[in-house]
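> Residue numbers (full-length UniProt numbering): 1 to 132. Note that CB positions come from ideal geometry on N, CA and C, so glycine has one too. Note that the structure is a prediction, hence the values are computed from the model and not measured. Let me give you the structure first, and then I'll get to my questions.
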Amino acid sequence: MLVYSTERLLSATDYIDLLNRSTLGERRPVDDIPRIQQMLDHASILVTAWDGDLLVGVSRALSDFSFCTYLSDLAVDEAYQHQGIGRQLVDKTRLAGGPNAMLILLAAPKAVEYYPKIGMKKSEVCYYFDRQ
1 MLVYSTERLL SATDYIDLLN RSTLGERRPV DDIPRIQQML DHASILVTAW
51 DGDLLVGVSR ALSDFSFCTY LSDLAVDEAY QHQGIGRQLV DKTRLAGGPN
101 AMLILLAAPK AVEYYPKIGM KKSEVCYYFD RQ
């Protein structure tokens, strides 16, 4: 039975292990443990999904809890995909961000087709600066 939590502590090594078991590992700095730890430490919202002691899903977001919640990472172990875990993580992240906050994200290329399936709207406008 899966258990979802916003309270359970998450180590950088557990997170990296999950990233490597998901399609997101190729797009995150999994060889840089201190950087991953900072990503976790500074998240406003962390929702985790556990199968016993095995981390099988994570949603990591930044929020002002009033206007905007940015979903930075949504990772589900490939062996656990197509079971509704991603949708549950998104729903719980939205709930944690509050009823007045819009949930936004930049989709990873492999996930572009997923988000409309869970009811998200697509925007044609996004601008960004590359990392330095």
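Quick one: which unbroken beta strand (DSSP E) runs of 3-plus residues sit fully inside the UniProt domain "N-acetyltransferase" (5-132)? Chain order, please.
For the UniProt domain "N-acetyltransferase" (5-132), whole beta strand (DSSP E) runs of length 3 or above, ordered along the chain, are 45-51, 54-63, 68-76 and 102-105.
> Looking at Leu18 and Arg28, is the spacing between their C-beta atoms short of 8 Å?
No. Outside cutoff.
> Does the Cβ of Gly97 have 16 or more other Cβ atoms within 10 Å, making it buried, or fewer, making it exposed?
Burial call: buried.
> Determine whether the beta carbon atoms of Arg35 and Glu78 lie at a separation below 8 Å.
No, the pair does not count as a contact, with Cβ atoms beyond the cut-off.
> Assess contact between the region 56-66 and the region 40-48, defined as three or more Cβ pairs (one per stretch) separated by less than 8 Å. Is contact present?
Contact between the region 56-66 and the region 40-48 is present, because at least three Cβ pairs lie under 8 Å.
> Out of Gly25, Glu26 and Tyr15, which has the shortest C-alpha to C-alpha gap to Gln38?
Of Gly25, Glu26 and Tyr15, the residue nearest in Cα terms is Tyr15.
> Thinking C-beta only, is Cys68 closer than 8 Å to Ala101?
Taking 8 Å as the Cβ cut-off, Ala101 and Cys68 qualify as a contacting pair.
> Quick check on Ile118: buried or exposed, where buried means 16 or more other Cβ atoms within 10 Å of its Cβ?
Under this definition Ile118 is an exposed residue.
> Exposed or buried, what is Ser123 when buried is set at 16 or more other beta-carbons lying within 10 Å of its beta-carbon?
With fewer than 16 other Cβ atoms within 10 Å, it is exposed.
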